[in-house]
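What follows is one structure encoded as structure tokens, with my remarks underneath.
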Amino acid sequence: MASVEVVAHRTRDVESWVLAVKTGGAEYLFGRFGEGTQRVLADQGLVRLGRVRQVFVTGSGQSWTELGGVAGLLIGGTGLLTVYGSRRLQWAMATLRGVEFRQQVRFDVRYASTAIGNESMTVTPVELADATTDATDAVDDAATEQVVEGILQDMGSTTTQTRQLPVPPFGQNNTTMCYVIQPHAKPGRFNVAEAERLGVPKGPGFGQLRKGFAVTTPAGIVVRPEMVIEPGQDQDRIVVVDLATPGFVRAALDYWGSSSTSTSSVSTVMHILGPDIDPFSAEYARFMRLFPSTCRHLLAHPAYVPDAVAATRAAQVRTRLAAVWPSRFPVAPTTTTANPIPAGQDLVIEPAMARPDQPDVDGICGKVQAALSQQQDNEHPTTTTSSSSSVECVCVGTGSGGPSVFRNAVGTVVRISDACAVVLDCGEATYGGLRAMFSDAGVAALLAEIALVFVSHMHPDHHLGLVTLVDAWTRAAQTHRTLYVVGPRRIQTWLDDWAQVYDSFRDRVRFIDAECCCTTASGLTIKTVPAIHCDSSYSVVLLRSNSTAAVAYSGDTRPNVAFAAAARNATLLIHEATLDDTRVADAVAKQHSTVTEALLVARHALARNVVLTHISPRYSLEFMIGLDATAQDASVTVALDGMIIRCNR
Ligand SMILES: [Zn+2]
């Protein structure tokens, strides 16, 4: 029997709605996969990612925000995953051709045009066209399709990196992907007595029949499965609709209301709805009533789930840290309640919410809290007064590699007094991380301060959050301002691709090639230093107008004398410290730094304050806080997600 469960719902920081259908040891995911989905699924433990073979993406796929989490699932996954969705999903994933992958990746992303069968079910895609837009469409361009599919098949190769991506299939005719899921019939009972009567030998013979093969008995009788297995039992169907706008609701009414579409034996409908759709309007009630009266309706609508923070375990640790050290760990105001489902419904309607198993975080929280309260005495007394040369470091994500439960992919924002704010790398869900830390107004204010984004290199954990962040910036910052993006040239290609979707990118984003090592923008001089890591990887130093180094950031690198020299006397040096000192060989092999190597660079540079980040998820939080204490130097901090560090000269 197939089980149906909501395994991720939309929160402040992760825009996902995911329904899991589990049957016979395999799991299939349906819905929207915003940035951070992979992390939420790992955190809540309701899905075993290793068992997921197929993912079905709903919606129109008009923005990266809707699809960004698919990239994380493909890159971080087992390599066996096949993702189905719209043509726009294929195009969006093809924009990642410039990424430097650490291992062989398989971008098996397919357009769901016809019914898809697997060992457990048949999934029929229903692509609805917005009833309010006219039906001209550029989607059926065979040449475009061929190029996009060619890129996806050859993802990661150097020839693909430089291929031109055609204009995206975002025609006037907006469509949305929905799915009808028909689990295979439950196998009928195996009639042992009858099989024995016919002379089928026990063991392998029974097994063959169960698998659907005929067996010849020692007496020469051919026994076919239907002779000993009773007819199977049909299972109920499941429908997932994604209706962002009223035009899609009308299209859904037309489709499921038509006499040729059967709604019988549908037992569950998940309704992923845009904020402007009123699920309790007369029109929407008409749609729900097309399904059997016993059908369970899962309402995936932002107003009917609490505005909480995802990644429960990390959020709980953070809340504890905030209680001990509020100035260092801001936590966004959230709500635990949502609009109730109006009383008096004659339909079965419930909010689509994942029920996280309550993990035991008390143990780890206690240790973190104890370690931190010991250190509190060492804190600089000067942190509350900001001098004209101060720097504030907002550690959004502090992990190495893909996102893990306690550390998200790396992303840092530095606020340089008398200058501006700068983003130093932005892994998947960096924007979501900011939303977990600050209120809506707080996030908007911080974004408006940002003038520059630096991307150190093309490993995906350093830049998958860029499109969402830049999009949010264009909405938060004044329209006359320009955002500078400094990074490897392949970042420009990525931004150019997405400028075809987000018009604002074309007008307001200016790319600066990190290879041109010295430029001035927004009152800061940006000096890049080639890093000792992968192809086209850089460290960066941000200098004030008086030529003093405000911030130096290593990116991913082996210890580098050239970087130390460029970072001389920096107010703040942020260095990667992926591994501990027992793993030097590993650090050399993967071109990273150990904690002591990072501190040596900082000493060489005479940096006033040091933040260590990009820490391997193999280390527990207590371990890293212990390291912080053993550094016995109040100017050194091991970063934690959601931490703010204030530095004076
Ligand atoms: Zn790297």
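For the sequence shown, UniProt numbering assigns the number 1 to the initial residue and increments by one for each residue that follows.
Every residue gets a Cβ at the ideal spot worked out from N, C-alpha and C, and that includes glycine.
Option nearest residue i by Cα separation, candidates the options
{"i": "Leu-19", "options": "Arg-12, Val-52 and Asp-13", "result": "Val-52"}
{"i": "Met-1", "options": "Gln-38, Pro-183, Glu-127 and Ala-8", "result": "Pro-183"}
{"i": "Tyr-284", "options": "Phe-248, Val-305, Ser-267 and Arg-407", "result": "Phe-248"}
{"i": "Ala-315", "options": "Asp-633, Arg-32, Cys-647 and Asp-13", "result": "Asp-13"}
{"i": "Val-40", "options": "Arg-10, Phe-30, Gln-62 and Glu-66", "result": "Arg-10"}
{"i": "Leu-500", "options": "Gly-72, Ala-92, Gly-25 and Thr-82", "result": "Leu is not the amino acid found at residue 500; the sequence shown has Gln there. For Gln-500, the nearest C-alpha among the options comes from Ala-92."}
{"i": "Thr-162", "options": "Val-147, Gly-523 and Arg-506", "result": "Val-147"}
{"i": "Leu-612", "options": "Met-624, Ala-605 and Leu-606", "result": "Met-624"}
{"i": "Leu-446", "options": "Asp-461, Ile-416, His-457 and Met-458", "result": "Ile-416"}
{"i": "residue 654", "options": "Lys-22, Ser-439, Tyr-179 and Ser-258", "result": "The first residue shown for the chain is 1 and the last is 649, placing residue 654 beyond what the model contains."}
{"i": "Pro-231", "options": "Gly-212, Leu-243, Gly-220 and Val-239", "result": "Gly-212"}
{"i": "Ser-554", "options": "Ala-42, Val-47 and Ser-537", "result": "Ser-537"}
{"i": "Pro-333", "options": "Asp-307, Gln-492, Pro-617 and Ala-352", "result": "Asp-307"}
{"i": "Arg-490", "options": "Thr-160, Glu-576 and Ala-219", "result": "Thr-160"}
{"i": "Ala-521", "options": "Leu-542, Cys-534 and Glu-515", "result": "Leu-542"}
{"i": "His-457", "options": "Glu-428, Phe-329 and His-533", "result": "His-533"}
{"i": "Pro-460", "options": "Val-610, Tyr-484, Ser-400 and Val-413", "result": "Ser-400"}
{"i": "Thr-124", "options": "Tyr-84, Val-443 and Ala-354", "result": "Tyr-84"}
{"i": "Val-228", "options": "Leu-253, Ala-252, Ala-195 and Leu-81", "result": "Ala-195"}
N- and C-terminal bounds of the beta strand (DSSP E) containing residue i
{"i": "Trp-64", "result": "Run containing Trp-64: none in the beta strand (DSSP E); it sits in the alpha helix (DSSP H), 64 to 76."}
{"i": "Thr-525", "result": "524 to 530"}
{"i": "Ser-504", "result": "Not the beta strand (DSSP E): Ser-504 falls in the alpha helix (DSSP H), residues 503 to 508."}
{"i": "Arg-296", "result": "296 to 300"}
{"i": "Phe-30", "result": "26 to 32"}
{"i": "Ala-499", "result": "Premise fails: Ala-499 lies in the alpha helix (DSSP H), 489 to 499, not in any beta strand (DSSP E)."}
{"i": "Glu-392", "result": "391 to 397"}
{"i": "Val-551", "result": "549 to 553"}
{"i": "Trp-17", "result": "17 to 23"}
{"i": "Ile-450", "result": "450 to 454"}
{"i": "Ala-521", "result": "518 to 521"}
{"i": "Thr-114", "result": "It is not in any beta strand (DSSP E) - Thr-114 carries neither H nor E in the DSSP assignment."}
{"i": "Glu-576", "result": "572 to 576"}
{"i": "Gly-411", "result": "411 to 416"}
Distance, residue j Cα to residue i Cα
{"i": "Thr-335", "j": "Gln-478", "result": "30 Å"}
{"i": "Met-288", "j": "Pro-246", "result": "15 Å"}
{"i": "Lys-202", "j": "Thr-217", "result": "11 Å"}
{"i": "Leu-464", "j": "Glu-100", "result": "12 Å"}
{"i": "Asn-546", "j": "Ile-615", "result": "33 Å"}
{"i": "Gln-104", "j": "Cys-393", "result": "35 Å"}
{"i": "Arg-608", "j": "Ala-567", "result": "11 Å"}
{"i": "Tyr-619", "j": "Thr-528", "result": "30 Å"}
{"i": "Glu-27", "j": "Cys-395", "result": "35 Å"}
{"i": "Gly-31", "j": "Pro-302", "result": "14 Å"}
{"i": "Ala-244", "j": "Ser-390", "result": "45 Å"}
{"i": "Thr-78", "j": "Asn-648", "result": "45 Å"}
{"i": "Arg-435", "j": "Val-331", "result": "9 Å"}
{"i": "Glu-379", "j": "Ala-322", "result": "Note that Glu-379 scores a pLDDT of 47, beneath 50, so its modelled location is shaky; the value from the coordinates is reported in the next line. The alpha-carbon atoms of Glu-379 and Ala-322 are separated by roughly 16 Å."}
{"i": "Arg-544", "j": "Ala-639", "result": "24 Å"}
{"i": "Val-192", "j": "Gln-208", "result": "13 Å"}
{"i": "Thr-525", "j": "Ala-552", "result": "12 Å"}
{"i": "Asp-360", "j": "Glu-622", "result": "Any reading at Asp-360 must be qualified, since the residue scores a pLDDT of 49, below 50, and its modelled position is unreliable; the value itself is stated next. Those two C-alpha atoms are separated by around 15 Å."}
{"i": "Val-561", "j": "Thr-548", "result": "18 Å"}
{"i": "Ile-644", "j": "Arg-407", "result": "15 Å"}
{"i": "Leu-128", "j": "Ser-63", "result": "17 Å"}
{"i": "Asp-641", "j": "Ile-272", "result": "30 Å"}
{"i": "Val-239", "j": "Ile-181", "result": "6 Å"}
{"i": "Ala-343", "j": "Phe-280", "result": "11 Å"}
{"i": "Thr-571", "j": "Gly-442", "result": "25 Å"}
{"i": "Ser-293", "j": "Pro-403", "result": "42 Å"}
{"i": "Trp-325", "j": "Met-155", "result": "45 Å"}
Start-to-end residues for the alpha helix (DSSP H) that takes in residue i
{"i": "Arg-88", "result": "87 to 94"}
{"i": "Met-227", "result": "225 to 228"}
{"i": "Trp-256", "result": "246 to 257"}
{"i": "His-271", "result": "Here His-271 belongs to no alpha helix (DSSP H); instead the beta strand (DSSP E) covers 266 to 273."}
{"i": "Ala-605", "result": "595 to 605"}
{"i": "Pro-125", "result": "No alpha helix (DSSP H) holds Pro-125; the beta strand (DSSP E) holding it covers 121 to 129."}
{"i": "Met-1", "result": "Unbroken run through Met-1: none, as it is neither H nor E."}
{"i": "Pro-351", "result": "No alpha helix (DSSP H) contains Pro-351, which is instead part of the beta strand (DSSP E) from 348 to 351."}
{"i": "Phe-206", "result": "204 to 210"}
8 Å Cβ cutoff, residue i in contact with chain D
{"i": "Tyr-304", "result": "You won't find chain D in this structure, because it holds only one protein chain."}
| task | Taking 5 Å as the limit, tell me which residues put their C-beta closer than that to any heavy atom of ligand 1, in chain order. | result | His-459 and Asp-556
| message | Check whether the stretch 68 to 83 and the stretch 24 to 37 are in contact - that is, three or more C-beta pairs closer than 8 Å. | response | yes
| message | Check whether the stretch 223 to 239 and the stretch 178 to 194 touch, using three or more Cβ-Cβ pairs below 8 Å as the test. | response | yes
| Touch check for the stretch 438 to 452 and the stretch 416 to 423: three-plus C-beta pairs under 8 Å? | yes
| Counting pairs of beta carbons, one from the stretch 53 to 60 and one from the stretch 73 to 90, are three or more of them closer than 8 Å? | yes
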